[in-house]
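Chains as they are written, first to last, in this note's numbering: chain A, 1 to 818; chain B, 1001 to 1194. Report on one structure; see the data block that follows.
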């Protein structure tokens, strides 16, 4: 055994080395600063371990970098933990190295013979910062991408060498980052700064050991072992080793608190978003995939660079040039700190150096504070910043939802999922193409909806499309007063306040003019109500005529004339006619049920009404009248009175007209319901013989009665005066009108100002895919992630990841509109 | 104690040793979490399940004859985070056979050589037993030979420890050919699915 150890030691020095380690001594007095290096080494080891595991799953390319980090975070068991420890131990390492260098300066521990210990520590600190800078990009996330592109772009400020240097770092002439940027950043991160940092760590420890025996300075008063080696020493392998172990445990505890910072309390766990897995709330954040085509207003450097970042925003540097802020100031700072051991040779300079360092530290803290204050508290900037952060959070959440969807991530990467998602693209497309005319905000009875963020239009001149497929939007579509408001067609020129639809709705549906004194001038020539009861040739005329004729021929009735009881028979006859489908079917136009009921009630009511009953009983004794008389009676007397005899109907006698109007309005409501059903169609209705699948039987006849079909095409009737109402506001309809509103089935030649965004011929402002997404978005049709089980701290502990677990298939359906 | 002085007190030595052990334990415990997490991450491939032996329709019986032909098995590949539809996940040799009762059946084989995983091809090779040139399954890597019904031509000299892996196949009433596709562990005499 002895022989083997000698053999080994002669060749490797291992035994002697171990012996030295076993006799490692430290200053006898206790000092907490002594354990800072231990914690630094520990954090460095953590970086190495976790970094190695992460590296085994990381794929540096534009289409795989974010995806592989997503895979690590959400699918690999404990991936979130390893990634979280890697991220936060890096932050802790930077903080501890900073503190260490700071203490070295304060204690004068940079002085001979420890200059190299100090230099190694400074370089290690710089390397740790560079690792953070390069590591940030590797996620290829929105925040990392835009934060890094700004930093790296500063290289271009350097005179002459700036641009070539930038291109070398980015990996191509393209100003955008790409796969080659990632391939070199992983090398920089892992080999150059990570590996370099490790080499510096070894050198640092080596210099530390080498310099120790020489540091018996008589005048060393500071109790800290960092500063000078005291005369009294003791073995490290006693209490100190225990404290060192504790230092590691405390460091790990701090890191774990940071890793679990979003899941520390039960209330934090309870308030998790129901569609996001537990992994979203554990470890380091992951924003949405980098999108070179977008922007991110809240891209900010890590906390350790906040002071520098704030400095670049100082007005003075925008005057004298950013290059001085970035490279000048940081260059001077680095040079100063590296030169400290040499400067301090001048007697009295140590005090000055400490003063400068403390002042710089103060400024750094102050700038860092100001930078955060500006983002979170400054009333001028904070709203923009916070809105941008909220937007990025929504996008990050959406990215996870889409990646976890049953279809998974395509080979083109996760970004392509976002690019095809109506929820993400809809608002953008609307802002770009529609929001200069259309408002998109709650109004009237249409309240705010969490799914649709309002997009305000400064000067709307077309309908407000907020929840345009809701019953509230389509309901009341035949309300002329509503239609002429600015939220609908009030500002469209072809529709306008006096457009044909408005004049039709106002004049013909109601069918009369209301006089100042409340009396009503009924329009019997083409008003809807007027035509129901027009003295000649109206459904009322037909039914009354038939009923009276039958009554005249009825002996039984004749007997009852004297007693006046025959009026009851007349009422029965009228009711019979309205309840007889054959009679109703023979009417032209066919009466919608609510209108028929209203007319029935009016006619029966009139028989009961004294002033009309008198007309029936007084002069025209039923026995004496003939068919001709009935016609004349109805035309000249009975219905003429109802219609006002070419004079306005007095305000207190319009009850029958009002009743009829109620019936017509009920019919209008029915048609609006039909229109709403049309808006919910996924595809054009299938035709089955002369029937249309799913279409209410009376839909077409009701529309015909209301004369919608005089201008609009509907099932079985076609007209090109106005847009086709088949599938009105449904997704295919929206796709069609956005593509080309000048097509004959839409507004044709009457199209106001709406551009054809994707016409069959000519310039396209949007691709067919974009039009499709926009229509889907207006409809609220996008993938909706099912709820996941995340009410436990770790979700599925042991993390198979939520993906292969219980997650059910999500729905791609139009949302039920409330 | 002072610097440079050996620790002679045995009690003190023992306490010092205990403290070192405790400290080492504390350090190890602190490092254990990332190592455990990392190991679970790295071992994830062992947790995942392979092909479950799903059945695929590959062709119709009319397209087959007695000479085996290779058909691609197409499915969605879940490669790490990527889901790629319509990818070839493997190949299958199919040939038409006439059963003893005269009915028409189909034989299906993996194209992967059970010896070392090379791709077997249908080739004209000299049968070492008969000395005749025959059509057979031939593995170009180590020269393994299998008859068209999948048996090793010379089990004594064959590198492969088992016959070519046959797959369950069936023909339905409409003549469509279905194969239950699986991969098998290589190199061993037993045919066990992976």
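C-beta atoms are modelled at their ideal positions from N, C-alpha and C, and glycine is treated no differently.
Host alpha helix (DSSP H) of residue 205(A) (start-end): 196-211
Chain B contacts from the segment 767-790 of chain A (Cβ-Cβ distance under 7 angstroms): none
Who are the near neighbours of residue 1077(B) in its chain, counting only those whose CB is closer than 7 angstroms to its CB and skipping five residues on each side? Closer than 7 angstroms at Cβ, skipping near neighbours: 1084, 1087 and 1089.
In the segment 80-100 of chain A, which residues sit with their C-beta less than 7 angstroms from some C-beta in chain B, listed in chain order? 81, 82 and 85
Consult DSSP for residue 219(A) and reduce its assignment to one of helix, strand or coil. At residue 219(A), the pLDDT of 48 sits below 50, so the modelled position is not reliable and the matter cannot be decided from this model.
Along the beta strand (DSSP E) that carries residue 834(A), what are the first and last residues, could you check? With chain A running from 1 to 818 in the structure shown, residue 834(A) is simply not present.
Since residue 471(A) is in the alpha helix (DSSP H), which residue starts that stretch and which ends it? 471-474
Determine the burial state of residue 238(A): buried for a count of at least 16 other Cβ atoms within 10 Å of its Cβ, exposed for fewer. buried
Counting only runs that start and end within the segment 1072-1136 of chain B, where is the alpha helix (DSSP H) found for 4 or more residues in a row? With a minimum length of 4 residues, there is no unbroken run of alpha helix (DSSP H) contained wholly in the segment 1072-1136 of chain B.
Which residues bound the beta strand (DSSP E) around residue 521(A)? 520-522
In this structure, does DSSP put residue 1015(B) in helix, strand or coil? Residue 1015(B): helix per DSSP, three-state reduction.
Could you round the C-beta distance between residue 1041(B) and residue 78(A) to whole angstroms and report it? I think they count as a contact, below 8 angstroms. 6 angstroms
Contact between the segment 688-700 of chain A and the segment 563-583 of chain A is defined here as three or more beta-carbon pairs at a separation below 8 angstroms; is this criterion met? no
Using a threshold of 8 angstroms, state whether the C-beta atoms of residue 539(A) and residue 599(A) are closer than that. yes
Please report how far the alpha carbon of residue 449(A) lies from the alpha carbon of residue 777(A), in whole angstroms. 13 angstroms
Among the residues of its own chain, which have a CB less than 7 angstroms from the CB of residue 236(A), if the five just before and after it don't count? 24, 25 and 26
Is residue 586(A) helix, strand or coil by DSSP? helix
Thinking C-beta only, is residue 1124(B) closer than 8 angstroms to residue 1133(B)? yes
Are residue 150(A) and residue 270(A) closer than 8 angstroms when you measure CB to CB? no
For residue 836(A), count the other beta carbons within 10 Å of its own beta carbon; 16 or more makes it buried, fewer makes it exposed. Which is it? Because chain A here runs from 1 to 818, residue 836(A) falls outside it and cannot be looked at.
Are residue 547(A) and residue 573(A) close, meaning C-beta to C-beta below 8 angstroms? yes
Judging by CA-CA distance, which residue of 1036(B), 1107(B), 1072(B) and 1052(B) is the nearest neighbour of residue 76(A)? 1036(B)
I believe residue 141(A) touches residue 90(A) by the beta-carbon criterion, under 8 angstroms. Please report the beta-carbon distance rounded to the nearest angstrom. Incorrect: roughly 16 angstroms between the Cβ atoms, too far for contact.
7 angstroms CB neighbourhood of residue 40(A) in its chain, flanking five on each side removed: So the qualifying residues of the chain are 93, 96, 97 and 100.
At 8 angstroms on the CB atoms, spell out the chain B contacts of residue 244(A), in chain order. 1023 and 1027
Does the Cβ of residue 769(A) have 16 or more other Cβ atoms within 10 Å, making it buried, or fewer, making it exposed? exposed
Just the chain B side, please: which residues come within less than 9 angstroms of residue 819(A) by C-beta, in chain order? Within the shown structure, residues of chain A are numbered from 1 to 818, placing residue 819(A) beyond reach of any answer.
According to a CB-to-CB cut-off of less than 9 angstroms, which residues of the segment 453-473 of chain A neighbour chain B? none
Per DSSP, which residues does residue 423(A) bridge with? Please list them. Answer is none; residue 423(A) lacks a bridge partner.
Contact set between residue 62(A) and chain B, taken where Cβ atoms lie within less than 9 angstroms: Correct list: empty, because the minimum Cβ distance to chain B is about 14 angstroms.
Could you check how far apart the C-beta atoms of residue 190(A) and residue 55(A) are, in whole angstroms? I think they sit under 8 angstroms. With a Cβ gap of about 6 angstroms, residue 190(A) and residue 55(A) count as contacting.
Name, please, each residue of chain A whose Cβ falls closer than 9 angstroms to the Cβ of residue 1089(B). Within chain A, not a single residue places a beta-carbon under 9 angstroms from that of residue 1089(B); the smallest gap is close to 15 angstroms.
Quick one, which residues of the segment 385-413 of chain A are near chain B if we go by CB-CB under 8 angstroms, in chain order? Cβ proximity to chain B below 8 angstroms picks out 403, 407, 408, 409, 410 and 411 from the segment 385-413 of chain A.
Can you tell me where the alpha helix (DSSP H) holding residue 276(A) begins and where it ends? Where residue 276(A) is concerned, there is no enclosing alpha helix (DSSP H), given that its DSSP letter is neither H nor E.
Taking Cβ positions only, does residue 42(A) come closer than 8 angstroms to chain B? yes
Is it buried or exposed for residue 63(A), if we count other Cβ within 10 angstroms and need 16 for buried? Around the CB of residue 63(A), 16 or more other CB atoms lie within 10 Å, so the residue is classed as buried.
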